[in-house]
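Undergrad: Got a structure for you, written out below as structure tokens; questions coming shortly.
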Amino acid sequence: SWSSSDLAFPHAFTVVKNANITVNSNTEATDITTDTPMLNIPQELTAWTVSGASKTKKGADDAKQCYLEIACKIRQSGAYLLGSASEYKTIYVPFGDTWEQGKRHIYTLIFGGGYTDQGEAVLNPIQFDAETTGWVNAAKDVNV
676 SWSSSDLAFP
686 HAFTVVKNAN
696 ITVNSNTEAT
706 DITTDTPMLN
716 IPQELTAWTV
726 SGASKTKKGA
736 DDAKQCYLEI
746 ACKIRQSGAY
756 LLGSASEYKT
766 IYVPFGDTWE
776 QGKRHIYTLI
786 FGGGYTDQGE
796 AVLNPIQFDA
806 ETTGWVNAAK
816 DVNV
């Protein structure tokens, strides 16, 4: 048996790595799922508060607050608003939720920007929409 105290904090979980994902529209969802599930420990995640003592990424890490870290390029009408043709920049999106046992969580990012590691807004904040459904058994083997 183990618990979250067995993990070193801060701890990062990578969902998608070494894959380029292009979002061409602000009206159509882009699927970034992988073929393997990501199983998480039931817990309450406190979103990074980008003000006060925890304004910076380090402050969020020290306060054990949660965020999504996204390496990206943002381009609009041919001009780079973040990053460049040859360079990705990292943005952070405050993220909070409660992961419950036996539930499946689906997150939809409404992409507009995020924050730098110093807590400064990059474009408009990214919003997300969460959906939680009951776990459904499937007659399929999954390699873990």
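FYI, the numbering for the sequence shown is 676 to 819, going by our numbering. Glycine is no exception: its CB is placed at the ideal position from the N, C-alpha and C atoms.
Between which residues of its own chain and residue 789 is the CB-CB distance below 6 Å, once the five residues before and five after are set aside?
TA: 766, 767, 768, 797 and 801
Undergrad: Relative to the C-alpha of residue 811, which residue among 794, 779, 744 and 705 is closest?
TA: 779
Undergrad: Give the single residue among 726, 763, 750 and 752 whose Cα lies nearest to the Cα of residue 744.
TA: 763
Undergrad: Determine the closest residue to residue 717 out of 808, 784 and 775, with distance taken between C-alpha atoms.
TA: 775
Undergrad: Do the segment 753-761 and the segment 720-735 touch if we need at least three Cβ pairs shorter than 8 Å?
TA: no
Undergrad: Starting from residue 722, follow the alpha helix (DSSP H) in both directions and report where the run begins and ends.
TA: No alpha helix (DSSP H) holds residue 722; DSSP gives it neither H nor E.
Undergrad: When DSSP builds the beta bridges, which residues end up paired with residue 825?
TA: For the chain, the structure presents residues 676 to 819; residue 825 sits outside this window and is missing.
Undergrad: My guess is that residue 772 and residue 714 are in contact by the Cβ rule of under 8 Å, so how many angstroms apart are they, rounded?
TA: About 15 Å; that fails the 8 Å criterion.
Undergrad: Have a look at residue 740 and residue 751 and give me their C-alpha separation to the nearest angstrom.
TA: 31 Å
Undergrad: To the nearest angstrom, how far is the alpha carbon of residue 791 from that of residue 725?
TA: 10 Å
Undergrad: Among 815, 749, 742 and 805, which has the Cα closest to the Cα of residue 698?
TA: Closest by C-alpha distance to residue 698, out of 815, 749, 742 and 805, is 749.
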